[in-house]
Amino acid sequence: MVEFAAIKGFVFDLDGVITDTSVFHSQAWHQIADKVGVSWDDQLADALKGISRMDSLNLILARGHRENDFTPDQKAALAAEKNTNYLALVNQMTPANILPGITDFLAELQAHGYAMSLASASKNAPLVLSKLGLGHYFTKAVDPATLTHGKPDPEIFRRGAEILNLSPAECIGVEDAAAGVQSINGAGETSIGIGDPTVLAAADINFTDTTQLTLANIQSQLVTA
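Following this line, the structure appears as structure tokens:
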């Protein structure tokens with residue numbers, strides 16, 4: 036594992052790390068699943084975390100054995116409808132929706148001169164950051180429309196380091212999903228997993244929640260690892 040002193044930047048996922056819009060995503064996807072006649076459960080909801088919109092739709096359709104029942108245009112319309120449902124919920128967000136400890140951690144990183152970028156599969160990330168009042172921390176963000184592969188492929192986190200003009204070895208990636216941790220590790224960055232350590236066992240560092248995100252805690256984990 037890399038030494039703490041070598042770290043110069045942090046690459047963040049959005050959902051489940053900076054804010055929790057997963058409930059909004061779930062509500063919006065649940066509506067689409069109902070529309071196409073696919074049963075919804077917690078297992079399906081969890082499977083959709085951290086992956087792109089079209090990959091999520093394809094998972095839902097596959098669950099109902101309906102992956103071949105829709106044309107590309109029909110799939111695009113369903114994905115757009117989900118996004119409309121989701122945006123109606125996102126537009127109600129405020130800084131109160133920032134996860135505990137995140138504002139302090141971002142301020143700490145900025146004060147200590149660390150570079151920061153966003154590596155979210157969500158095309159709505161700029162809107163979410165604006166609603167949260169955190170856009171000034173993330174002047175560098177990966178545009179998911181430019182990506183060839185979704186998580187768990189390492190492309191998005193590799194790009195997150197590139198836009199900071201840093202090597203992956205100089206970056207820490209922060210994620211709450213197993214697919215995201217796999218993406219960070221594949222990119223060659225140090226991974227922090229936020230959540231259940233049994234689910235995120237592949238992460239280099241595990242924190243159960245965002246309140247534990249401090250430079251001191253990260254440094255102590257890298258020293259003892």
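Residue numbers (this note's numbering): 36 to 260. By construction, the Cβ of each residue, glycine as well, lies at the ideal position given by its N, Cα and C atoms.
Residue i classed as buried or exposed, judged by whether at least 16 other C-beta atoms fall within 10 angstroms
i: Gly-228; result: buried
i: Ser-61; result: buried
i: Met-151; result: buried
i: Gln-217; result: buried
i: Asn-13; result: Examination of residue 13 is not possible in this model, given that the chain is present from 36 through 260 alone.
i: Ala-236; result: exposed
i: Gly-72; result: exposed
i: Thr-54; result: buried
i: Thr-245; result: buried
i: Ala-160; result: buried
i: Asp-50; result: buried
i: Asp-211; result: buried
i: Ala-63; result: buried
Residue i versus residue j: straight-line alpha-carbon distance, rounded
i: Gly-220; j: Lys-175; result: With the sequence shown as reference, residue 220 is identified as Asn, and Gly is not the correct amino acid for it. Cα-Cα distance, rounded: 21 Å.
i: Lys-110; j: Asp-90; result: 11 Å
i: Ser-57; j: Phe-105; result: 26 Å
i: Ser-165; j: Lys-117; result: 21 Å
i: Gly-185; j: Ala-156; result: 7 Å
i: Val-46; j: Gln-127; result: 26 Å
i: Ala-180; j: Gly-136; result: 30 Å
i: Gln-254; j: Val-163; result: 29 Å
i: Leu-83; j: Val-52; result: 16 Å
i: Ser-226; j: Leu-167; result: 24 Å
i: Ile-95; j: Pro-130; result: 31 Å
i: Ile-133; j: Gly-85; result: 18 Å
i: His-65; j: Trp-75; result: 6 Å
i: Arg-101; j: Pro-187; result: 24 Å
i: Phe-35; j: Ala-41; result: In the structure displayed, the chain extends from 36 to 260; residue 35 sits before or after that span and is not available.
i: Asp-77; j: Pro-189; result: 26 Å
i: Asp-69; j: Ala-115; result: 16 Å
i: Asp-108; j: Tyr-149; result: 43 Å
i: Thr-119; j: Ile-67; result: 11 Å
Short Cβ contact (8 Å threshold) for residue i with residue j
i: Ile-191; j: Val-209; result: no
i: Ala-154; j: Asp-239; result: no
i: Ile-250; j: His-147; result: Note that residue 250 is Leu in the sequence shown, not Ile. Against a cut-off of 8 Å, the Cβ pair of His-147 and Leu-250 comes out as a contact.
i: Leu-248; j: Phe-39; result: no
i: Gly-223; j: Ala-204; result: yes
i: Leu-79; j: Arg-98; result: yes
i: Ala-213; j: Cys-206; result: no
i: Leu-113; j: Leu-144; result: no
i: Phe-59; j: Tyr-121; result: yes
i: Gly-44; j: Leu-199; result: yes
Residue i beta carbon near the ligand NAP (any heavy atom closer than 7 Å)
i: Ala-114; result: In the structure on display, the ligand NAP does not appear, and there are no ligands present to speak of.
Alpha helix (DSSP H) segments (min. 4 residues) lying fully within the stretch 110 to 175: 137 to 146, 160 to 167
4-residue-minimum alpha helix (DSSP H) runs that sit fully inside the stretch 171 to 212, ordered along the chain: 190 to 197
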